[in-house]
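Quick note, the sequences are listed as chains A and B, same order. In terms of this note's numbering, the first sequence is residues 140 to 477. In terms of this note's numbering, the second sequence is residues 140 to 477. Quick reminder that beta carbons are idealized off the backbone N, C-alpha and C, glycines included. So the structure is just underneath, and the comments pick up after that.
2 protein chains.
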Amino acid sequence: MRQKANTQVRLKARPTGIPQPEHFEIVQAALPDLRTGQFLVRNEYLSVEPAMRGWVSAAANYSDPVGIGEVMRSFAAGEVVASRHPKFAEGEKVMGLLGWQEYAVSDGRDITRKVKETDLPLSLSLGVLGLNGVTAYFGLLDVGRPRPGDTVVVSTAAGAVGSAVGQIAKIAGCRTVGIAGGPLKTKLCLEAFGYHAAIDYKAADQLDHALSVACPAGVDIYFDNTAGPISDGVLRQLAVKACVVICGTASVASWAPAPMGPRVERHLLVKRASMAGFIVFDYQHRYEQAITRLAAWVRQGRLRYREDIQDGIAACPDAIAGLYRGENLGKRLIRLPS
Amino acid sequence: MRQKANTQVRLKARPTGIPQPEHFEIVQAALPDLRTGQFLVRNEYLSVEPAMRGWVSAAANYSDPVGIGEVMRSFAAGEVVASRHPKFAEGEKVMGLLGWQEYAVSDGRDITRKVKETDLPLSLSLGVLGLNGVTAYFGLLDVGRPRPGDTVVVSTAAGAVGSAVGQIAKIAGCRTVGIAGGPLKTKLCLEAFGYHAAIDYKAADQLDHALSVACPAGVDIYFDNTAGPISDGVLRQLAVKACVVICGTASVASWAPAPMGPRVERHLLVKRASMAGFIVFDYQHRYEQAITRLAAWVRQGRLRYREDIQDGIAACPDAIAGLYRGENLGKRLIRLPS
Chain A
140 MRQKANTQVR LKARPTGIPQ PEHFEIVQAA LPDLRTGQFL VRNEYLSVEP AMRGWVSAAA
200 NYSDPVGIGE VMRSFAAGEV VASRHPKFAE GEKVMGLLGW QEYAVSDGRD ITRKVKETDL
260 PLSLSLGVLG LNGVTAYFGL LDVGRPRPGD TVVVSTAAGA VGSAVGQIAK IAGCRTVGIA
320 GGPLKTKLCL EAFGYHAAID YKAADQLDHA LSVACPAGVD IYFDNTAGPI SDGVLRQLAV
380 KACVVICGTA SVASWAPAPM GPRVERHLLV KRASMAGFIV FDYQHRYEQA ITRLAAWVRQ
440 GRLRYREDIQ DGIAACPDAI AGLYRGENLG KRLIRLPS
Chain B
140 MRQKANTQVR LKARPTGIPQ PEHFEIVQAA LPDLRTGQFL VRNEYLSVEP AMRGWVSAAA
200 NYSDPVGIGE VMRSFAAGEV VASRHPKFAE GEKVMGLLGW QEYAVSDGRD ITRKVKETDL
260 PLSLSLGVLG LNGVTAYFGL LDVGRPRPGD TVVVSTAAGA VGSAVGQIAK IAGCRTVGIA
320 GGPLKTKLCL EAFGYHAAID YKAADQLDHA LSVACPAGVD IYFDNTAGPI SDGVLRQLAV
380 KACVVICGTA SVASWAPAPM GPRVERHLLV KRASMAGFIV FDYQHRYEQA ITRLAAWVRQ
440 GRLRYREDIQ DGIAACPDAI AGLYRGENLG KRLIRLPS
């Protein structure tokens with residue numbers, strides 16, 4: 140199989156904050172012939188996620204930044220359409236760091252996993268059965284270590300990671316409180332994701348009061364996707380021995396330099412609490428365990444998800460900025476026509 | 140045995156920041172007769188420690204604040220001089236929350252422990268073999284969990300807790316870097332307490348640079364007694380999977396409201412690091428284990444200590460403020476004449 144051309148989204152300029160359309164360009168590139176040990180993936184879904192802001196940032200991060208002129212790094216899911224690799228066969232579905240492009244030539248190293256849940260939509264491999272679900276699973280269960288009866292507070296509670304955190308916490312026997320922006324998202328928290336309480340941080344000019352009402356015995360676990368003033372409010376309500384899982388910092392536009400906020404040491408000291416940063420890539424050796432359980436919960440209807448699917452690669456350049464504008468209700472994906 | 144009067148230091152007014160002499164008054168009180176189940180302790184040493192600022196603060200804390208007109212809460216060590224209690228005999232040495240006063244009537248509940256290390260000075264039961272040593276022991280070993288080869292950074296490194304942390308870390312096979320204020324204290328770090336490197340934060344207008352030179356592979360464990368700008372500098376140098384043990388916040392004059400500082404979430408996230416608050420009183424059931432080991436290290440000459448002993452109860456009112464002025468070299472104690 141041979142393609143004439145490959146449409147790619149490349150990084151054109153390095154953003155200082157949230158990447159905007161002007162930081163990307165869409166180009167047509169030739170597809171090279173496959174060498175031995177390579178295979179060709181036709182991407183069906185491209186992922187869009189908050190962490191991609193960090194991937195293009197020059198500031199210290201957990202991986203090298205995407206270079207100017209390079210295809211934008213992203214997870215994608217698709218089908219192997221040609222192969223000269225012994226372990227990947229035509230027709231297999233794969234998910235990995237295949238980038239914002241129609242076709243990806245891979246030697247297997249950028250493949251996160253083969254998608255085995257063929258009874259479920261392939262798009263889930265980029266969301267609730269992908270890094271989002273796995274992030275929720277390990278961040279909550281391994282770092283937060285909830286006990287039944289704990290009060291678990293989640294920020295960006297209706298988002299792709301947050302909604303999974305809330306539902307897994309409920310499966311673990313916890314009381315769940317979601318923080319989200321706007322009435323649509325808090326409604327989603329309560330009606331779709333089963334949170335026991337939901338707080339609209341945009342409406343709550345008294346976030347502290349709303350939190351203390353929702354968490355009368357304090358917050359045992361805070362799964363933090365935002366940092367910023369939302370976290371400041373939650374930290375004032377920690378229970379003794381509370382655990383703050385730092386998964387993302389979506390509310391902070393730039394970390395160069397770090398913005399100022401109220402110091403946290405006294406809260407942590409008085410409450411013997413902990414804050415721990417967490418990156419899902421450290422758990423790669425255990426992804427299959429998590430995805431097996433997550434898929435079972437999805438099939439049982441205990442783990443629900445929302446998707447925000449945009450059609451066509453032209454949607455990519457504004458897609459990350461749109462996340463930070465809070466315009467999506469569910470995991471944002473770009474679907475490519477076959 | 141009967142005493143005519145008991146000299147006490149009482150809290151006269153509630154400070155908003157660091158307690159000053161005007162917040163205390165020295166009074167003569169009558170000593171009541173002992174009831175059944177009580178005994179009388181003649182205090183030989185009164186303790187002075189940074190945490191006492193929190194004990195008189197109205198802000199949220201881990202214990203109720205000392206009431207106005209009450210004897211200032213403090214640890215003290217002394218001898219049982221009269222007893223109507225079956226478990227405490229005349230002549231026994233005890234350490235506990237006996238307060239800033241010459242004599243304390245106790246029913247045993249305010250006694251932390253009987254002092255069994257009678258071959259060593261009684262004053263040590265308030266320092267390296269008391270809460271300071273035990274704080275260093277559990278904070279470093281249980282919360283920080285050092286591995287041989289780790290780089291351990293300690294703030295207030297020449298202080299009563301910090302000097303023990305540095306030496307226990309060295310016993311545990313770590314590389315130790317002390318941060319202290321002024322050339323006398325850094326000299327003490329290197330010569331008395333065996334730190335591999337010492338940084339004078341008052342001289343280092345480039346604390347970041349001094350830290351990066353002293354910690355070329357980053358900071359694995361930061362034992363934080365100060366919070367504030369010193370901690371901000373250390374957090375910029377964390378190694379992957381670093382642990383910050385929050386033991387005290389000596390550099391912060393008031394937490395009502397919390398002062399602003401650079402947000403920490405990104406450091407913790409990128410480095411998968413943790414910050415954990417720690418209060419030694421949670422480890423009461425294991426004090427004897429720690430003190431047995433600490434006393435053995437003292438006898439072996441592997442755990443050294445400095446004391447700053449002032450004579451007479453009149454030294455009490457200014458003693459906490461003096462700690463925060465950084466004027467003491469070693470554990471501050473008030474010795475009472477017998």
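How big is the Cα-Cα spacing for residue i and residue j?
i, j, result
"residue 189/B", "residue 203/B", "17 Å"
"residue 183/B", "residue 163/B", "20 Å"
"residue 250/B", "residue 234/B", "6 Å"
"residue 385/A", "residue 153/B", "37 Å"
"residue 225/A", "residue 246/A", "10 Å"
"residue 145/A", "residue 216/A", "16 Å"
"residue 305/B", "residue 317/B", "7 Å"
"residue 328/A", "residue 370/B", "38 Å"
"residue 288/B", "residue 377/B", "15 Å"
"residue 279/A", "residue 452/A", "33 Å"
"residue 176/A", "residue 380/A", "51 Å"
"residue 186/B", "residue 330/B", "26 Å"
"residue 409/B", "residue 387/A", "10 Å"
"residue 219/B", "residue 263/B", "18 Å"
"residue 465/A", "residue 334/A", "20 Å"
"residue 196/A", "residue 351/A", "36 Å"
"residue 457/A", "residue 171/A", "28 Å"
"residue 467/B", "residue 191/B", "16 Å"
"residue 477/B", "residue 232/B", "14 Å"
"residue 140/B", "residue 239/B", "Because residue 140/B sits at a pLDDT of 49, beneath the cut-off of 50, its placement in the model cannot be relied upon, and the following sentence gives the value as read from the coordinates. About 21 Å."
"residue 214/B", "residue 373/B", "32 Å"
If you follow the beta strand (DSSP E) that residue i is part of, which residue opens it and which one closes it?
i, result
"residue 145/A", "144-150"
"residue 413/A", "413-416"
"residue 230/A", "Run containing residue 230/A: none; DSSP gives neither H nor E here."
"residue 368/A", "Not the beta strand (DSSP E): residue 368/A falls in the alpha helix (DSSP H), residues 367-374."
"residue 409/A", "No beta strand (DSSP E) contains residue 409/A, which is instead part of the alpha helix (DSSP H) from 404-409."
"residue 339/B", "336-339"
"residue 322/A", "No beta strand (DSSP E) holds residue 322/A; the alpha helix (DSSP H) holding it covers 322-330."
"residue 217/B", "215-222"
"residue 157/B", "Taken as a continuous stretch (DSSP letters only), residue 157/B belongs to no beta strand (DSSP E), as it is neither H nor E."
"residue 262/A", "First-last for residue 262/A: undefined, no H or E at that position."
"residue 378/B", "377-385"
"residue 361/A", "358-363"
"residue 422/B", "Where residue 422/B is concerned, there is no enclosing beta strand (DSSP E), given that its DSSP letter is neither H nor E."
Residue i and residue j look like a contact to me (Cβ under 8 Å); what is the Cβ gap, rounded to whole Å?
i, j, result
"residue 268/A", "residue 433/A", "6 Å"
"residue 294/A", "residue 301/A", "7 Å"
"residue 447/A", "residue 470/A", "7 Å"
"residue 361/B", "residue 383/B", "5 Å"
"residue 296/B", "residue 319/B", "5 Å"
"residue 290/A", "residue 252/A", "Actually they do not touch by this definition, with Cβ atoms about 34 Å apart."
"residue 394/B", "residue 405/A", "5 Å"
"residue 358/B", "residue 292/B", "5 Å"
"residue 402/B", "residue 414/A", "Contact flag wrong, Cβ pair sits at about 11 Å."
Residue range of the alpha helix (DSSP H) that residue i falls in?
i, result
"residue 191/A", "191-194"
"residue 271/A", "270-277"
"residue 451/B", "Premise fails: residue 451/B is in no alpha helix (DSSP H) and is neither H nor E."
"residue 198/A", "Where residue 198/A is concerned, there is no enclosing alpha helix (DSSP H), given that its DSSP letter is neither H nor E."
"residue 433/B", "426-438"
"residue 309/A", "299-310"
"residue 352/A", "346-353"
"residue 242/B", "Taken as a continuous stretch (DSSP letters only), residue 242/B belongs to no alpha helix (DSSP H), being part of the beta strand (DSSP E) at 242-245."
"residue 317/B", "First-last for residue 317/B: 314-319, but that is the beta strand (DSSP E), not the alpha helix (DSSP H)."
In the stretch 205-218 of chain A, which residues sit with their C-beta less than 9 Å from some C-beta in chain B, listed in chain order?
Answer set for the stretch 205-218 of chain A: empty.
Assess contact between the stretch 338-346 of chain B and the stretch 413-430 of chain B, defined as three or more Cβ pairs (one per stretch) separated by less than 8 Å. Is contact present?
The stretch 338-346 of chain B is not in contact with the stretch 413-430 of chain B.
Give a yes or no on contact between the stretch 204-218 of chain A and the stretch 145-156 of chain A, applying the rule of three or more CB pairs nearer than 8 Å.
Yes, since at least three Cβ pairs between the stretch 204-218 of chain A and the stretch 145-156 of chain A fall closer than 8 Å, the two stretches touch.
Would you be able to state if there are at least three C-beta pairs under 8 Å between the stretch 428-435 of chain A and the stretch 158-173 of chain B?
Taking 8 Å as the limit for Cβ pairs, the verdict is that the stretch 428-435 of chain A does not touch the stretch 158-173 of chain B.
Under 8 Å, CB to CB, which of the residues in the stretch 398-421 of chain B have a partner in chain A?
Residues 398, 399, 400, 401, 402, 403, 404, 405, 406, 407, 408, 409, 410, 411, 412, 413, 414, 415, 416, 417, 418, 421.
Cβ pair count under 8 Å reaching 3, the stretch 257-276 of chain B against the stretch 436-450 of chain B:
The stretch 257-276 of chain B vs the stretch 436-450 of chain B: in contact.
Going along the chain, which residues of the stretch 379-398 of chain A sit with their C-beta nearer than 8 Å to a C-beta in chain B?
Listed by position, the residues of the stretch 379-398 of chain A near chain B (Cβ gap below 8 Å) are 385, 386, 387, 388, 391, 394, 396, 397, 398.
Which residues, in order along the stretch 293-309 of chain B, keep a beta-carbon less than 8 Å from a beta-carbon of chain A?
Listed by position along the chain: nothing, the set is empty.
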